[in-house]
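Data block below; observations after.
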Amino acid sequence: DIQLTQSPSSLSASVGDRVTITCRASQSSDIYLNWYQQKQGKAPRLLIYAASNLQSGVPSRFSGSGAGTDFTLTITSLQPEDFAIYYCQQSYSPPYTFGQGTKLEIK
Amino acid sequence: QVQLLQSGAEVRKPGASVKVSCKASGDTFTSFGISWVRQAPGQGLEWMGWISAYNQNTHYAQKFQGRVTMTTDTSTSTAYMELRNLRSDDTAIYFCARVPGPLGITGTVYFDFWGQGTLVTVSS
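Chains as they are written, first to last, in the working numbering: chain X, 2 to 108; chain F, 7 to 130.
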């Protein structure tokens, strides 16, 4: 199984900040890495698929990059609604594992 | 806009079974797949498997092999997930999610629309 490790596990930031979350895979996932946002009590929301493709309707302040084993999610100019938990997920091979999550909190 | 509407919360005793439904609307049901993902209280996300609504092909995570069955009813655009021999550590929110691309191909199993989740509580 491909293990995904996110860093940091939690992060405090202010509105307007730029933040980066990293996801490292235990073996290559090619470009098949996806990012989700989950707010308390809600289902996850797809943000980025295949490493760098912005899902329809997602604001352009979200971007993704990477390939192989190292991937990043960047949020420029944080907005109040961006404080949530972020998960990466690999779609390279089953089981389609998720990272442990990164909690983004307001500073 | 695709919508996935799940059945309500369930309480079961250890050893029992539960069957959760997921009714799809807003797109042709047989044009996509459905995955099931669960989330234990305060924990992360865990993929359980997928089913093709087109041909009912399935792929289950090894962890759930032998305990889970995923099915679809194309006449009602509904997917089902049955989990048997429940244990206390099966207590979780169970989500259905749409897989937009063809199943069984590298890179396609990600989830663009999600149900609201169904809480399954296993307790004696």
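All C-beta atoms in this analysis are idealised placements derived from N, C-alpha and C, irrespective of residue type, glycine included.
For residue i, three-class secondary structure by DSSP
i       : result
Q90(X)  : strand
K108(X) : coil
Q68(F)  : helix
S94(F)  : helix
T36(F)  : helix
D83(X)  : helix
Q7(X)   : strand
V59(X)  : coil
G123(F) : coil
F99(X)  : strand
S41(F)  : strand
K19(F)  : coil
N61(F)  : coil
Q39(X)  : strand
I22(X)  : strand
V26(F)  : strand
Y86(F)  : strand
V115(F) : coil
S53(X)  : coil
Residue burial classification, residue i (beta-carbon count within 10 angstroms, cutoff 16)
i       : result
A46(F)  : exposed
V16(X)  : exposed
P108(F) : exposed
P1(X)   : Only positions 2 to 108 of chain X appear in the structure, and residue 1(X) is not among them; the question remains open.
S11(X)  : exposed
I86(X)  : buried
S57(X)  : exposed
S92(X)  : buried
S61(X)  : exposed
A15(F)  : exposed
Q28(X)  : exposed
S37(F)  : exposed
Q38(X)  : buried
S58(F)  : buried
CA-to-CA distance, residue j to residue i, given in whole angstroms
i       : j       : result
P96(X)  : F63(X)  : 26 Å
S94(F)  : V17(F)  : 11 Å
S13(X)  : N54(X)  : 26 Å
T64(F)  : Y50(X)  : 22 Å
R104(F) : T84(F)  : 12 Å
L48(X)  : D118(F) : 9 Å
P45(X)  : R73(F)  : 25 Å
Q90(X)  : N35(X)  : 5 Å
S78(X)  : F84(X)  : 12 Å
Q49(F)  : S41(F)  : 19 Å
K43(X)  : C102(F) : 13 Å
Y60(F)  : G39(F)  : 8 Å
V59(X)  : K40(X)  : 15 Å
Q80(X)  : K108(X) : 12 Å
G110(F) : R19(X)  : 37 Å
T23(X)  : A98(F)  : 27 Å
A68(X)  : D31(X)  : 5 Å
Q62(F)  : P106(F) : 15 Å
E82(X)  : F35(F)  : 32 Å
Q71(F)  : G65(X)  : 33 Å
Rounded Cβ spacing between residue i and residue j (contact assumed at less than 8 Å)
i       : j       : result
M87(F)  : Y100(F) : 7 Å
S32(F)  : Q12(F)  : Note that residue 32(F) is Gly in the sequence shown here, rather than Ser. With a Cβ gap of about 15 Å, G32(F) and Q12(F) do not count as contacting.
F99(X)  : L125(F) : Going by Cβ atoms, the distance from F99(X) to L125(F) rounds to 19 Å, so no, they are not a contact pair.
T21(X)  : T75(X)  : 5 Å
T103(X) : Q7(X)   : 5 Å
At least 3 beta-carbon pairs within less than 8 Å: the segment 85-105 of chain F vs the segment 21-32 of chain F: The segment 85-105 of chain F makes contact with the segment 21-32 of chain F, as at least three CB pairs between them are under 8 Å.
Would you call the segment 73-90 of chain F in contact with the segment 24-42 of chain F, where contact means no fewer than 3 C-beta pairs closer than 8 Å? The segment 73-90 of chain F vs the segment 24-42 of chain F: in contact.
Could you name the residues of the segment 44-75 of chain X whose beta carbon sits closer than 8 Å to any beta carbon of chain B, in the order they occur along the chain? Structure shown: chain B not included; protein chains present are X and F.
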